[in-house]
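Same order as they appear, the protein sequences are chains C and W. Per this note's numbering, the very first residue in the first sequence carries number -13; after that it's consecutive. Per this note's numbering, the very first residue in the second sequence carries number 2; after that it's consecutive. Here is the structure we will look at, set down as structure tokens.
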Amino acid sequence: QKEVEQNSGPLSVPEGAIASLNCTYSDRVSQSFFWYRQYSGKSPELIMSIYSNGDKEDGRFTAQLNKASQYVSLLIRDSQPSDSATYLCAVNGRQAGTALIFGKGTTLSVSS
Amino acid sequence: DVKVTQSSRYLVKRTGEKVFLECVQDMDHENMFWYRQDPGLGLRLIYFSYDVKMKEKGDIPEGYSVSREKKERFSLILESASTNQTSMYLCASSSPPREVTGELFFGEGSRLTVL
């Protein structure tokens, strides 16, 4: 059974701080990694995707991937209250027909 | 913009009823998915489809079936609803070929309560 693990939180950070969200996965053949943000009562929306080892930056968001350690993280710089949400890590496998497997999510709370 | 539309936002059904949850996407996506989301359990894959009339079981298919007669429409069927199927159901679609799964676009969700 493929698994994606995240700390459920809540992770509380003050406005302007860096929020660090972590995710580990069990399937070594996983090739694609995603971070989704889900506001309360809303559907998940994609904020970052990463496919290669290293860092990928998009505005205030940086995704980091380490396939050897089976670890993916999301850094949010200059955190804002509007970043308060649940962040879902999702992973897929290499075999054809595999869908995304989601972690249970980490709840982030940014206080002003 | 990609739009994934789920026919019902809120449904209340009785135990034993047959329930249909409809999902339509307007971007000619090949791939469609049904997940359910429960507190503490996260998003769990029920069924998915990579082509018309094709379906594959996800992690929790028991008690569910699906239908994909047209590319844009993917229906989730609860043959005999039970209280443990009370949940938020999320439909999603994606465009890449089946060998690689890319971004999922989600519908707004259907919150089903089974009494």
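No residue lacks a Cβ here, since even glycine has one placed at the ideal position from N, Cα and C. In this text, all values refer to a predicted model and were calculated from it rather than measured experimentally.
*Starting from the Cα of C:C75, find the closest Cα among C:N52, C:F88 and C:F47 and give me that residue.*
The count along the first sequence starts at 1 and reaches residue 75 of chain C at position 89. Among C:N52, C:F88 and C:F47, the Cα nearest to that of C:C75 is on C:F88.
*Taking only the alpha-carbon atoms, compute the straight-line gap between C:L32 and C:S59 and give it to the nearest angstrom.*
The residue you call residue 32 of chain C lines up with position 46 of the first sequence. The residue you call residue 59 of chain C lines up with position 73 of the first sequence. C:L32 and C:S59: Cα-Cα distance of roughly 15 Å.
*If W:M28 sits next to W:S81, beta carbons under 8 Å apart, how far is it from one beta carbon to the other, in whole angstroms?*
Residue numbering aside, residue 28 of chain W sits at position 27 when the second sequence is read from its first letter. Residue numbering aside, residue 81 of chain W sits at position 80 when the second sequence is read from its first letter. In fact, because the Cβ distance is near 33 Å, the residues do not count as touching under 8 Å.
*Where does W:Y11 land, buried or exposed, given buried means 16+ other C-beta within 10 angstroms?*
The residue labelled residue 11 of chain W in the question sits at position 10 within the second sequence. W:Y11 is exposed by the Cβ-count criterion.
*Less than 7 Å between the CB of W:L12 and some heavy atom of the ligand ZN, yes or no?*
In terms of ligand content, the structure shown is empty, and the ligand ZN therefore cannot be addressed.
*asked:* Closer than 9 Å between beta carbons: that is the criterion. Which residues of the region 5 to 31 of chain W meet it against chain C?
replied: V5
_Residue burial classification, C:S(-6) (beta-carbon count within 10 angstroms, cutoff 16)_ = Taking the first sequence and counting its residues from 1, the one referred to as residue -6 of chain C is at position 8. Counting Cβ neighbours within 10 Å, C:S(-6) comes out exposed, since fewer than 16 surround it.
*Spell out whether any CB of chain W is found under 8 Å from the CB atom of C:K90.*
Here residue 90 of chain C is taken as the residue at index 104 of the first sequence, counted from 1. Yes, C:K90 counts as interfacial toward chain W.
*What residue range is occupied by the uninterrupted beta strand (DSSP E) comprising W:M55?*
By 1-based counting over the second sequence, the position of residue 55 of chain W is 54. First-last for W:M55: undefined, no H or E at that position.
*Inside the region 13 to 87 of chain W only - beta strand (DSSP E) runs reaching at least 3 residues*: 20 to 22, 24 to 26, 32 to 39, 43 to 50, 66 to 71 and 74 to 79
*With distances taken Cα to Cα, identify the nearest neighbour of W:C24 among W:G59, W:E73, W:F49 and W:E18.*
For the purposes of this step, residue 24 of chain W is taken as the residue at position 23 of the second sequence. Per the Cα distances, W:E73.
*Alpha carbon to alpha carbon, how far is C:A5 from W:E109? Give it in angstroms, no decimals.*
As a position in the second sequence, residue 109 of chain W is number 108, starting the count at 1. As a position in the first sequence, residue 5 of chain C is number 19, starting the count at 1. Using only the alpha carbons, I get a separation of about 27 Å.
_For W:S68, which residues in the same chain have their Cβ closer than 6 Å to its Cβ, ignoring the five residues on either side in sequence?_
For the purposes of this step, residue 68 of chain W is taken as residue 67 along the second sequence, with counting starting at 1. Only S76 meet the Cβ criterion.
*Cα separation between C:E(-9) and W:L44?*
Counted from its first residue, the first sequence places residue -9 of chain C at position 5. Counted from its first residue, the second sequence places residue 44 of chain W at position 43. Using only the alpha carbons, I get a separation of about 12 Å.
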